[in-house]
Each structure stands twice: as structure tokens, then as C-alpha cells.
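Here is the structure we will look at, set down as C-alpha cells.
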Amino acid sequence: MRITARIYRFDPACDSEPHYDTCTVDVEEGARVLHLLHAAHERDPTLSYRYCCGTGQCGSCALRVDGTPVLACMEEARDGITIEPLNLPIKKDLVIDMQPALSRLAGILSQSEQRPPTREEVEAIKPLRECIECLACVSVCPAMEVAEFTGPTAMRQQMRLTLDPRDHADRITEAIRDGLFTCTTCQNCWKVCPKNIQIPGKAIEKLRALANRKGLTLPRHREVEQLIQETGRSIPRGKSTFLEQVPEVIEPDGEPRKTVGFFVGCMYDFRLPESALDAIEVLRRNGIRVIIPHEQVCCGSPLIRTGQLQFLDHLQRRNIQAFTSRGIDTVVTMCAGCGSTLKNDYRTPFVVKDITEILTELGIEKPARLPLRVAYHDPCHALRGQGLREPARILLKDVVEMIEVPQKCCGAGGGTRSGCPEVSSALGKKRAEELAKTGADVIVSCCPFCEYHIAGFADRPVKNITTILRQAYRRKDLGACPEQ
Amino acid sequence: MRADDVISCHVLVIGSGGAGARAAIEAQKYGDTVLISKSVVGKGGCTPMAEGGYNAVLRAGDSCVLHEEDTLRGGAYLNDPDLVQVLVRESPERFRELLEWGALFDISSDNFPAQRSFGGQRFPRTCYAGDRSGHEMMLTLLEHLRNSDVKILQEMAVLELLKEGDAVIGTVAMDARSGEMTVIRADCTVLATGGGTRMYDISTNSATGTGDGYALGYRAGATLIDMEMVQFHPTGAVYPYDVRGRLVTEAVRGEGGILLNAEDERFMARYDPQRMELSTRDVVARAIATEVEEGRGTSRKGVYLDVTHLPAKKIEERLPVMLEQFLKFGVDIRCEPMEVAPTAHHIMGGLQINPEGKTSLSGLCACGEVAGGVHGANRLGGNALAETQVFGKRAGESAGRAPSRQGRIDPLQLEAVENRVERFFSGTTPPWVVSRQLQKAMWENAGIFRTQIGLRDALKVTESLLDVPVCAVSSQNITECFTVRNMCLSASLVARSALLRPESRGAHVRSDVKQTWDAATSPYGHTWVSLASQGIMRQEVAG
Ligand SMILES: Cc1cc2nc3c(=O)[nH]c(=O)nc-3n(C[C@H](O)[C@H](O)[C@H](O)COP(=O)(O)OP(=O)(O)OC[C@H]3O[C@@H](n4cnc5c(N)ncnc54)[C@H](O)[C@@H]3O)c2cc1C
Ligand code: SF4
Ligand code: SF4
Ligand code: FES
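Each protein sequence line maps, in turn, to chains A and B.
Following this note's numbering, the numbering of the first sequence begins with 1 at its first residue and continues without gaps.
Following this note's numbering, the numbering of the second sequence begins with 1001 at its first residue and continues without gaps.
Here it is as C-alpha cells:
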């Protein structure tokens, strides 16, 4: 089998800049990227890459294929791929310096007086223990770029030690010192982890919950909890809320194609009601009957992400009840954070769908085209939290000129915006700059946290995807742009 | 480089696998300890790849005597009995120590370490952490090492042991990428470089399994025993081609996996009707090789290993690494059989040691797979991980207790190494050309079934490859050149030793020799090779 690949080359000792070698080699059927590199190395023995076990067990060989971190020894070699090192300090070519990150992993402090872990404890630690220290997660962590944060696998290790009765150090205090609250819960780390270790959910949020029990929750996070307890919402109300402006049932134009419940979320209800009204309008126009229970409250995401779980049950019950009591089988969210929470942290007797999902599934009336160039920002909690990449693109591509921008966390999530504003702002600023660099007229997203946060740093408008759609329908109605 | 450009320490440990890490942890109690490793520490060698488990007598009903008997019988009575005794007696202690240090082995419902059956053992005594037992052990040792004062030098290859008279006084090592050399002077050196079945075309070993330690020890004058004893693991993957040999853990059979030939026959019934799939590795490997040779294998020259009759949940829990690896290669073992064939797995022979881990050279200890004598002619699954801990600790302790010595570095020895480096730059044959020829020759002529003619051929090839002028293009190729030379030298020791043993014994099968004795009544003991001599020991035959 003949394969061509582009391989990143850089020798800091003599090159001022990296370059790419294109090389064509013959490999056996089923060859992995590692075997492609072996073949390339035979052609050019100066190529450096690291490997050892060849079977996905030692974590030596992580690198990027077409931008995504993978294990070279497990990833199948394909024609036309680009092979680059992990995004970490480079020693040479594909070899990164692992020491800084590895040296931040804590050792165990076991004492002679100890109790061995029970079977349950062992089973609880196991999922965190499968780490092969490949550093794929560390290479994609946005928080590490801007904060003093030891990173995902170091947090994984702290949680692993916390769960172990043999360890005698105060791992919670250490974790906080090491940046526990700077993580934006962007989910990047576990989506690239070859061992599928769910670090944000299984380590970071758990450590934050333990910090909460020790009274170490950040004061700003505690304020949020108090607000939720008092008002059912995680943010203070604005002039006029969304729920105050809408009736409980909104009938569509013509025969209803489907009936859905609508979960608005704190941000769209209290801070950005106009966007939610746009969303309702788009649903209505496309024959969707919308039921909006007015007793719905915060989904609880701000509590889960910050480890404040006492009040969560109450919120979950109330929200589920709000929809089931009305016999609703499909609930639509328009906030990526709420959607991800309802899908992943709730056990709902109904189906949850993001608005972009339901619109693409049912198909929408074709809107007019708008003369806009749009940079689309994928919210972490849509892209990774819900696996939603295509729906927004399908909806936008006929309406505007889409500019693809590599996904990156804007820094709004995980309680970072309230808890560690410097970290959150640093990321927001970076993200706004990257999006602006495209020269787009408008930045579009489908998450109120992202939209609001990026808007704070951007020099151009940031809009919700449904606002764009509604605008396109208006234009169509005015007949300004004939159908193509 | 000047000879006064040296790191000095009390104990130098070479290799960061299970044995090296354990030795360093022990040695540092006695003085400055340096751990040097060709790989990133904890990532190299075969320890992190070990899947099946760790043998230790822990439960009522089992006993050290039983473990000892199983080990000796499995080893075709070629094992060094003193070493076996130490192994079985201390393995439980070392295991408990790992637990104290944070290891997370599986726990059974009675809150006791879970143990599974492994081939050739009469009691289920193999402790495990799913099928990532070695990784678990390595992580535990790393967690412990991270809190210690051991100085770690990583991604540096040891090129040669340095000597003063008959004593080893340190090493010269090279940064694998920059090619920079470092001299390390030590009162005592512990060799823990692991095995070397990479010398075969089909092998389970990691990239560092190139037999460096055998070659280093041999060149320094140490005696090596039973180097012909190479274990072929019965179940290596056959697809994809580049991953051929990748281990399919014995735990698959331990959990109930069955072997079928292409005619859907459970053929082990013809080779070992009692123990069936859980017979010793040599028996199962020969059975599979015979099935394939006689035309009852699959088109990829393997047989089927099937677990589809087991509950999916059991496969997911007990064999997660296997499941994941095969899924990556397009086979869902919950509903399709695996295809397997024998693969070169473990070298039982190695540097001769006494129970203290001391080699025949003053100033040099050895432990783990690089040492010989513990497993005799065939290793039981689960005994190697135990060996790394038992003898790692012992070698670390011996080295720690070694007297301090002046140790004057001999400039001539350094010069000799530098000259070798220089010659690589004017070499003509790339190292991988050499290693490929070596691997094919060893697989064909020093593999599962051996003959004198074949072995002579293998020896000729290995020795002639030793003289091929291998070439380095840049500094990072130099260690590759040293490595391939080490592979050739170790392979020649295997071929030489195999020629010395005119009998079939354990893993060593001479298909051209008819013998009237079995393992228990063999007139032969260890083979040995050293710079000075070679031979095979004769022993009194009992009754
Ligand atoms: C796939 C596989 C599965 C196995 N499963 C089991 C099992 O379930 N149970 C069991 O008991 N045994 C098992 N074994 C055998 C067992 O894993 C090994 O025998 C054992 O781990 C060897 O440990 P070690 O410390 O001696 O060497 P290794 O773990 O191989 O470590 C060798 C070290 O030496 C270093 N090194 C090598 N050459 C040099 C040099 N020139 N300079 C510097 N450093 C060097 C390497 O970088 C590495 O760090 C398995 C083996 C394999 C290959
Ligand atoms: S969730 Fe995102 S910010 Fe948090 S540790 Fe993982 S990669 Fe870093
Ligand atoms: S957590 Fe996953 S990605 Fe991170 S180092 Fe461990 S194995 Fe690699
Ligand atoms: S080489 Fe060990 S994980 Fe890839």
C-alpha cells in the first residue's frame, strides 16, 4: 500500500522555523501511523519520533494526525495525512518534552498505618488509573495556556489519590493550589484521551465537590449557589425576562408538525431574552408547537461544574416534573450548557435535543441568503458535550458565507468566568481575536455563555444562530433577495 | 569528551522497568542512586506491557512448596533451586509491599486480592489488575519513585560497562537524540535492562527488548547461563502484519478462551488432554506451530482463540486491553474469534546470579529478565513480574551494601567506545537492514523447532552480521547502531548456547535429537557462555 504523508520537522538546535516534509512510502495493509514513521525514518534517518511498546500501553507515541492527538501505534495510517507533534514544547521533530508535565504528577504518600482499599474503592479508582501518561490531554487544555494550572492528568492523579485510603496528603488543598478552579470543563481532555478517561466529570468536578465539603468553594461560586436557591436562576434578572414575555403554549403557523417542550436556561431567560424570542419565532415558523412551562428553573450546570451538589436534586426534580406533567416527550434546549447538562447529568424520561438538532432533523423552510460572512464558534458543550458539529453548519451554509475556525474554548464555562475571571478573560480575549482575524462580519454561536463572553472582547457583533435565521426569514418576507 | 566529565554515585541502576525501578527504590536507602533508562522512565521495557499478572502465594490451600514445585516442573528442572526458593518465599511479601505503596490490583468479593489460573499452576495464584497488571505495577513504582531521591537520567542508552581490573565501576552512556556522552562512575552497578526477543522476526517485546544487557554483560566478562532458553508465547496476534507478534495475554485462556484450528477442532485435546488450553506455554506453542505446519491453520498461518462463549460483560471487565486493541484492528472479540500464532516472548537465560543478585563480576548485580536461572527452561506466566520485584529488591540491596570504591575511569576504554562511534559514521549498512536479516535468520533457525544444522546457520549469520559496518547518518542514529550490534551479539549467544545443549528441554526443542531421558532425569544442567569459556554442565542423574 502506498501512502503519502506530510511530516512536521523541526530541530531547535539548528532550524529557526519548522517545516513539513512530504514523503511517500510503502506500508503493509493495516499499518499504523507508527509503521509509516518507521518507513519514513528508513528513508531519512534524521527523523525523530518516540515509541516503545507499539501496543497502546506505554504512552510514548502520542502525536497529532490532521490536528487531532492520537497514539501513533494505534491510529491507522491513511493516505494524505499530516503528522505533527503534540502541542507541547518540542525537543525535535515529533518528539516533545514530556518531563515538565510528568514531573507535576503527584506521588503517593502512604503511611504504615493504613487500611487497604475495599473492592468498591478499587473499582472507583480504576477508571482514573488507566492513564498511560501520554500527555494528549495536556496538549489540548486551554486553561493551561493562560493559568497556573498543572493540567488534566495531574488533576486525575489528585483524584485518584484522594479516593485511596492509603494516601495521607491533603490532595484537595493541593489541587486548589494547582489550579482546580481554572478548568473551564471544556471536555477537550477526555475527548482526546486514548483511554477515554473522563477527567472533567470524574476528577475535576469531583474534586470541586470535595472542596465544597471542606468549605473551600470559591466565594463567588457560593454566591451563585445562593442566588439559585433564592431565585431558581444562576444570574440576577434583567429588565424583562423571556418567560414573562411568552405564553405557555405557542401555536405554529399552520398544522403543527411536532410538539416540543422548551427549556430556556438562565442566560436566555434573564440576560438575552431577545435571542430566545428569535428561537421561538424560528420554531413557530417551521411548524413546531412549543410548550414553555413557566415553573422551569436553572438546569443546575453552574452547581455541578463547581461541585455544589446539595441543591441539585431539587432543581432536577422540578425541571423534569415541569415537562412530564404536561406529557412532553421531546424537550428542546438552545443553550449548549443546559443541553449538555440535561443530556449527561439528568436521567430524563423525555428526549432532549438542541435547537439546531431538531431544526435539521425536521428540515426547515429555506430562508433568504444574507450578505454576511460569518465566523462560527463551536461551543464546547455542543461540540463535545453533545457531539453536535454538523447541525449548525447545515443551517448556516445556505444562509451566510461560513468561515471555519479551529475550535477552541472561549473560557466562559466551568464557573471560570465567575470564579477565575482573569483566566476566563484571557481565554475570551484570545478567542475573540482568533475569530476576528477571519475578517468575518459577524460571530455566530449557539450558547449564551459563549456569545455573551466573546461579545465582551469582540470588535464585531456576536449573534445566536437563531437570530441569524430569523433575520434571513425577515429578508425573505421583504422579498429583498429572490430565491436562488 | 574528557574522562573527568563524570557523574559519580553509589549505585547505578540501568533500566527503569519493574526490576530497575524496584532496585533503585531499595538502593537509595544506602546512598546516592542514579537510575538510567533508554526510554522515558516507566515507559520502556516490557513491564508496562505485562497483562496477565503476578504470582504470589496468598491464600490458604496454596503453599510455597506448591508454587516451587510448579515453577520447577514448568522450568523442566533446569531452574536454579535456590533462586526459585527465594522467588516463591518473597513474592508474597513484595506483593504486599506493592499494595502498601498504592497498587490497585483487583479485589475479589471477600476483599482479598483476586487471583486467576495461569498455565502450569495447580492453584489460581496469579494476582491481576484487569489485563494491565504490569502497567499497574509500574505506576505504583513510579508513584513511589516520585517521592524518592533517586536521580533519574532518561532517554539515555548505556553503551558499555566500564571496568577496573575485573570489577565493573560504571558505564558510559549516550543521550539517544543528541548523541552526547556521559560517564557514570558507581560503587556498584545493577543491570536491569530486560529481555531481548526483538532479535526474532515475530516478538512480543517493546522497542527496548533488544538484549542490550546480555551484550553489555558479556562484553564486560560476565557469565551467562541457559541463553538458548527462549520462550515462544503460544498466542501472538497475526494481523495487522506490522503488529504481528503482539501479545494476546494468557489471561484470555485463563478466563476460559478455547483454541480451535481451521477445521473447528479443539486440537489441544490431542496434545494435553488434561490441561487443554491451560497447559504450559511451550506445549501450547508447539501444538499451534504443528497445527499450522500440518495445514490445519488459517490463511494467515494462525489458529483461532475464541472467547465468544463468555459473557460480554466478563470480557469487558477482565480483558479490557485485549478488547480495545482488537477493536482498533477491526475485530470485536465478544462476537468473533481472534487469530493467533506463536511469538518470541521471553528469554529465560541471562547473566548468572546468586540469590543476592550478584553476577560473576565484582561491582555488577543483575535482576529481572536480563538475569538467568530463575525460570529454568520455561517460565510460568506470572512469575516474571514476581521476579522483577523479588530480585529487584535483592539486587538493589546488595548494590546498596557494596563497599565504596575509588574506581578510576580508564581513558583507553572510553577511547574504544569513541572509536566505535566514529566508525559508525563511516559505515555503509543501515541498522534496520541488519536487524531484519537477523530477525529472519533467528526465526527460521533458532525458533520453536531447532536442529544442529539450522542453529549453525543462525550462528554464522549472527556472527557475520556483527561484522557488518552499520552506519549512522546523524548523532541520533548512533544508539541505533549500538543497539543492533547488541541484538546480533545476544542472538549469537542464543545460537551458541542452543548448539551446546544436545537435548530437548522445556522451550528448547531439538527436533534432530532422539533422547531417552525426560526433564527430571536429564544428565545436563545449565549451559554457560562467557568471553573466557563455554559449555554445558553435567549433573548426576537421580535414581
Ligand atoms: C507483552 C508482554 C506481556 C507480559 N506479561 C507478563 C505477565 O502477565 N506476567 C509476568 O510475570 N510476566 C509477563 N511478561 C514478562 C515480564 O513483563 C518481563 O519479563 C518483565 O517485565 C521484565 O522486567 P525488567 O524490569 O527486567 O525489564 P523491562 O521491563 O523490559 O525494562 C527494561 C528497561 O531497561 C531499559 N534499557 C534497556 N536497554 C538499555 C540500555 N542499553 N541503556 C539503558 N537502559 C536500557 C529499558 O528502557 C527499560 O526501562 C510479559 C512480557 C511481555 C513482553
Ligand atoms: S476540561 Fe478543558 S480546561 Fe478542564 S482540564 Fe480538561 S482540557 Fe483543561
Ligand atoms: S489522561 Fe488520557 S490523555 Fe491524559 S495522559 Fe492519561 S492517557 Fe493520556
Ligand atoms: S508506543 Fe507505547 S503507546 Fe504507542
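We treat Cβ as the ideally placed atom computed from N, Cα and C, and that holds for glycine.
Can you find a C-beta in chain B that's less than 8 Å from the C-beta of residue i?
i, result
"residue 31/A", "yes"
"residue 1/A", "no"
"residue 473/A", "no"
"residue 370/A", "no"
"residue 429/A", "no"
"residue 153/A", "no"
"residue 198/A", "no"
"residue 116/A", "yes"
"residue 122/A", "yes"
"residue 66/A", "no"
So with Cβ pairs under 8 Å, would you call residue i a contact of chain A?
i, result
"residue 1095/B", "no"
"residue 1132/B", "yes"
"residue 1325/B", "yes"
"residue 1525/B", "no"
"residue 1239/B", "yes"
"residue 1328/B", "yes"
"residue 1144/B", "yes"
"residue 1008/B", "no"
"residue 1079/B", "no"
"residue 1292/B", "no"
"residue 1026/B", "no"
"residue 1517/B", "no"
"residue 1135/B", "yes"
"residue 1212/B", "no"
"residue 1432/B", "yes"
Interface residues of chain A around residue i at Cβ under 8 Å?
i, result
"residue 1486/B", "In chain order: nothing, as chain A lies at least about 17 Å away."
"residue 1049/B", "53, 55, 57 and 58"
On the DSSP letters alone, give me the boundaries of the beta strand (DSSP E) that residue i sits inside.
i, result
"residue 1008/B", "1006-1014"
"residue 1186/B", "1181-1191"
"residue 1352/B", "1350-1352"
"residue 374/A", "373-376"
"residue 444/A", "442-445"
"residue 152/A", "Taken as a continuous stretch (DSSP letters only), residue 152/A belongs to no beta strand (DSSP E), being part of the alpha helix (DSSP H) at 152-162."
So residue i contacts chain A; which residues on that side make the cut at Cβ distance below 9 Å?
i, result
"residue 1039/B", "50, 52, 58 and 60"
"residue 1208/B", "52"
"residue 1383/B", "Chain A residues near residue 1383/B: none, gap ~20 Å exceeds 9 Å."
Counting along the chain, where does the alpha helix (DSSP H) carrying residue i start and finish?
i, result
"residue 40/A", "33-43"
"residue 1070/B", "1064-1074"
"residue 1288/B", "1281-1293"
"residue 358/A", "355-362"
"residue 1464/B", "1452-1466"
"residue 466/A", "465-478"
Kindly say whether residue i, judged by its beta-carbon, lies nearer than 8 Å to any beta-carbon of chain C.
i, result
"residue 109/A", "The question asks about chain C, but that chain is absent: this structure's protein chains are A and B."
How would you list, in chain order, the residues of chain B whose beta-carbon sits under 7 Å from the beta-carbon of residue i?
i, result
"residue 92/A", "1177"
Show which residues of chain A have a CB atom less than 7 Å away from the CB atom of residue i.
i, result
"residue 1101/B", "108 and 110"
"residue 1032/B", "Under the 7 Å cutoff, chain A gives no residues; its nearest Cβ is about 19 Å from residue 1032/B."
"residue 1044/B", "52"
Applying a beta-carbon distance threshold of less than 9 Å, which residues of chain B neighbour residue i?
i, result
"residue 100/A", "Those do not exist, as residue 100/A stays about 13 Å from chain B at its closest Cβ, beyond 9 Å."
"residue 105/A", "1142, 1143 and 1146"
- Item | Sequence ranges, alpha helix (DSSP H) only - wholly within the region 1201-1272 of chain B, length at least 4 | 1212-1220, 1251-1254 and 1268-1271
- Uninterrupted alpha helix (DSSP H) stretches inside the region 220-290 of chain A (no shorter than 4 residues): 242-245 and 273-285
- Contained beta strand (DSSP E) runs [length at least 3] in the region 1086-1172 of chain B, N- to C-terminal order: 1151-1154 and 1156-1164
- Task: Could you name each continuous alpha helix (DSSP H) segment of 4 residues or more that falls completely within the region 1384-1436 of chain B, going from the start of the chain to the end?
- Result: 1411-1425
- Query: At which residue ranges does the region 18-106 of chain A contain complete alpha helix (DSSP H) runs of 4 or more residues, listed in the order of the chain?
  - Reply: 33-43 and 99-102
- Query: What are the start and end residues of each continuous alpha helix (DSSP H) run of 4 or more residues lying completely inside the region 310-369 of chain A, in chain order?
  - Reply: 312-324, 336-344 and 355-362
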